[in-house]
Amino acid sequence: MSEKSDVTARGAGEAKGGGDPRPVLRPPVNIFEDAHGITLEADMPGVSKDRLNLQVDKDTLLVEGDAQIDVPAGMEALYADVRVTHYRRSFTLSGELEPDKIEASLKDGVLTVRVPKRAELRPRKIEVRAG
Amino acid sequence: MFGSLTNFEGSLLDDLWRMQREMDEAFTRWSWPTGIRSVARGTYPPLNVGVTPEKADVYLFVAGMDPKALDLSIQRNLLTISGERNVPEREGVQYYREERFDGAFRRVVTLPDDVDPEKVEATYTDGVLHVSVQRREATRPRQIEIK
Numbered sequence: 001m002s003e004k005s006d007v008t009a010r011g012a013g014e015a016k017g018g019g020d021p022r023p024v025l026r027p028p029v030n031i032f033e034d035a036h037g038i039t040l041e042a043d044m045p046g047v048s049k050d051r052l053n054l055q056v057d058k059d060t061l062l063v064e065g066d067a068q069i070d071v072p073a074g075m076e077a078l079y080a081d082v083r084v085t086h087y088r089r090s091f092t093l094s095g096e097l098e099p100d101k102i103e104a105s106l107k108d109g110v111l112t113v114r115v116p117k118r119a120e121l122r123p124r125k126i127e128v129r130a131g
Numbered sequence: 132m133f134g135s136l137t138n139f140e141g142s143l144l145d146d147l148w149r150m151q152r153e154m155d156e157a158f159t160r161w162s163w164p165t166g167i168r169s170v171a172r173g174t175y176p177p178l179n180v181g182v183t184p185e186k187a188d189v190y191l192f193v194a195g196m197d198p199k200a201l202d203l204s205i206q207r208n209l210l211t212i213s214g215e216r217n218v219p220e221r222e223g224v225q226y227y228r229e230e231r232f233d234g235a236f237r238r239v240v241t242l243p244d245d246v247d248p249e250k251v252e253a254t255y256t257d258g259v260l261h262v263s264v265q266r267r268e269a270t271r272p273r274q275i276e277i278k
């Protein structure tokens, strides 16, 4: 097990300092790492750009958003898989990542967050010399 | 401390989720009959159905779709939504989590008997497909005048 995968080690709605009692929806995520950084993709259908909150507090990345669904007045629910419209999930970042340079985009309800690694900490190929 | 040495999450919330799932399964096994077309909780994609006297509305939560890859059909009051979501598999990366649904899906919704299959509208916004089907005028509740 690698110890550098902190970003994956914590999830769920246990974000520090978030005493929000509302029930939350945990967006499903894909997280993968390449030589330059870590990418997180989250499914948050119903969330538009202005209802998305993405913030980094020290080493915690918080992904939060409200789904807005236009529902006609007086609608009676027959069936509902989705009963909560507030998405929330947080992740712990590790030291070699650069939270100041996070980039994010949102398209059709899919949030993509790119967390780059510090340049000096990117993996280097170590040459083994014959001796 | 130990948490970060492993990739397992093991949070209380996950345990609660699991408990809820087990309860659901336990109860549906021996309680009242379920709809013949109903599916297990957690089936992708999640959907909500609501009705007003004028129409029936179906909301399908499918993020990141090309609307052209969604296939909608209605037969009398049976609405079928199918499609395929392709989450590209990156090469040369290490995956830690792959929770996003990838592949083909299909869901069937039974709408009220009085919907008009000729009057359907569908829009896709922010990853939510909204299908709206009009109900027939004759069956709408109306005020009865007392003479």
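So the protein lines, in turn, are chains A and B. Read in order, the letters of the first sequence are residues 1 to 131 in the numbering used here. Read in order, the letters of the second sequence are residues 132 to 278 in the numbering used here. Positions of the beta carbon are idealized from the N, C-alpha and C atoms, including for glycine.
What do you get for residue 73 of chain A, buried or exposed, if any count of 16 or more other CB atoms within 10 angstroms of its CB means buried? The residue labelled residue 73 of chain A in the question sits at position 73 within the first sequence. Exposed, by the Cβ-count rule.
May I ask you to list, following chain order, the residues of the region 59-74 of chain A that have a beta carbon less than 9 Å from some beta carbon of chain B? For the region 59-74 of chain A, the set of positions with a beta-carbon nearer than 9 Å to some beta-carbon of chain B reads 67, 68, 69, 70, 71, 72, 73 and 74 in chain order.
Cβ distance (whole Å) where residue 192 of chain B is taken to contact residue 259 of chain B below 8 Å: For this step, residue 192 of chain B is matched to residue 61 along the second sequence. For this step, residue 259 of chain B is matched to residue 128 along the second sequence. Contact flag correct, Cβ pair sits at about 6 Å.
List in chain order: all unbroken beta strand (DSSP E) runs of 3+ residues lying wholly within the region 209-268 of chain B. Runs found: 209-216, 225-229, 234-241, 246-256 and 259-266.
So which of A:49, A:115, A:58 and A:90 has the shortest CA-CA distance to residue 67 of chain A? Counting from one through the first sequence, the residue named residue 67 of chain A turns up at place 67. Checked all of A:49, A:115, A:58 and A:90; the closest Cα to residue 67 of chain A is A:49.
On the DSSP letters alone, give me the boundaries of the beta strand (DSSP E) that residue 205 of chain B sits inside. Within the second sequence, residue 205 of chain B is the residue found at index 74, counting from 1. First-last of the beta strand (DSSP E) with residue 205 of chain B: 201-206.
Per DSSP, what kind of secondary structure is residue 273 of chain B in: helix, strand or coil? Residue numbering aside, residue 273 of chain B sits at position 142 when the second sequence is read from its first letter. It is coil, neither helix nor strand.
Sufficient close CB pairs (3 or more, under 8 Å) joining the region 92-105 of chain A to the region 211-225 of chain B: Short answer: they don't touch.
Residues of chain A with a CB under 7 Å from the CB of residue 207 of chain B: which are they? Position 76 of the second sequence holds residue 207 of chain B. Simply none; closest approach about 17 Å.
What number of angstroms, rounded off, separates the C-alpha of residue 45 of chain A from the C-alpha of residue 278 of chain B? In the first sequence, counting from the first residue as 1, residue 45 of chain A sits at position 45. In the second sequence, counting from the first residue as 1, residue 278 of chain B sits at position 147. Rounded to the nearest whole angstrom, the C-alpha separation of residue 45 of chain A and residue 278 of chain B is 52 Å.
Neighbour list for residue 53 of chain A in chain B, Cβ cutoff strictly below 8 Å: Within the first sequence, numbered from 1, the residue matching residue 53 of chain A stands at position 53. From the beta-carbon of residue 53 of chain A, no residue of chain B is found nearer than 8 Å; the closest lies around 15 Å away.
With DSSP as the reference, identify every bridge partner of residue 190 of chain B, one or two as the case may be. As a position in the second sequence, residue 190 of chain B is number 59, starting the count at 1. Listed as beta-bridge partners of residue 190 of chain B by DSSP are B:179 and B:261.
Quick one: any contact between the region 165-179 of chain B and the region 79-92 of chain A, if contact means 3 or more CB pairs under 8 Å? A contact exists between the region 165-179 of chain B and the region 79-92 of chain A.
Could you work out which residues of chain B lie near residue 41 of chain A, taking near to mean beta carbons separated by less than 9 Å? By 1-based counting over the first sequence, the position of residue 41 of chain A is 41. Near residue 41 of chain A (Cβ distances below 9 Å), the residues of chain B are 195, 218 and 231.
Closest by C-alpha distance to residue 71 of chain A, when choosing among B:251, B:221 and B:187: In the first sequence, counting from the first residue as 1, residue 71 of chain A sits at position 71. For residue 71 of chain A, the closest alpha carbon among the candidates B:251, B:221 and B:187 is that of B:187.
Sort out for me which residues DSSP pairs residue 36 of chain A with in a bridge. The residue you call residue 36 of chain A lines up with position 36 of the first sequence. Note: residue 36 of chain A sits in no beta bridge, so no partner.
What would DSSP say about residue 83 of chain A, mapped onto helix, strand or coil? Locating residue 83 of chain A in the first sequence gives position 83, where the first residue counts as 1. In the three-state reduction of the DSSP assignment, residue 83 of chain A falls in the coil class.
Name the residues in the region 22-38 of chain A whose C-beta lies less than 7 Å from a C-beta of chain B; which are they? Taking a C-beta cut-off of 7 Å against chain B, the contacting residues of the region 22-38 of chain A are 28, 29, 30, 31, 32, 33 and 34, listed in chain order.
Can you say whether residue 121 of chain A is buried or exposed, counting buried as having 16 or more other CB atoms within 10 angstroms of its CB? As a working note, residue 121 of chain A is residue 121 in the first sequence. Using a 10 angstroms sphere on the CB of residue 121 of chain A, the tally of other CB atoms stays under 16, which defines it as exposed.
Would you mind telling me which residues of chain A sit closer than 9 Å to residue 183 of chain B, beta carbon to beta carbon, in chain order? Position 52 of the second sequence, counted from the first residue, corresponds to residue 183 of chain B. Here the neighbours are 72, 73, 74, 75 and 76.
Does the distance from the CB of residue 115 of chain A to the CB of residue 61 of chain A come in under 9 Å? Taking the first residue of the first sequence as position 1, residue 115 of chain A is located at position 115. Taking the first residue of the first sequence as position 1, residue 61 of chain A is located at position 61. Closer than 9 Å, so yes.
In angstroms, rounded to a whole number, what distance separates the CA positions of residue 207 of chain B and residue 185 of chain B? Counting from one through the second sequence, the residue named residue 207 of chain B turns up at place 76. Counting from one through the second sequence, the residue named residue 185 of chain B turns up at place 54. Using only the alpha carbons, I get a separation of about 17 Å.
Does any CB atom of chain B fall closer than 9 Å to the CB of residue 95 of chain A? For this step, residue 95 of chain A is matched to residue 95 along the first sequence. At a cut-off of 9 Å between beta carbons, residue 95 of chain A makes no contact with chain B.
Residues that DSSP places opposite residue 31 of chain A in a beta bridge: For the purposes of this step, residue 31 of chain A is taken as residue 31 along the first sequence, with counting starting at 1. Partner residues in the beta bridge of residue 31 of chain A, as assigned by DSSP, are A:40 and B:228.
Would you mind telling me which residues of chain A sit closer than 8 Å to residue 188 of chain B, beta carbon to beta carbon, in chain order? Taking the first residue of the second sequence as position 1, residue 188 of chain B is located at position 57. Listed along chain A, the residues sitting closer than 8 Å to residue 188 of chain B by beta-carbon distance are 71, 72 and 75.
Interface residues of the region 253-267 of chain B facing chain A [CB-CB below 7 Å]: For the region 253-267 of chain B, which is checked against every Cβ of chain A, the residues closer than 7 Å are 257, 258 and 259.
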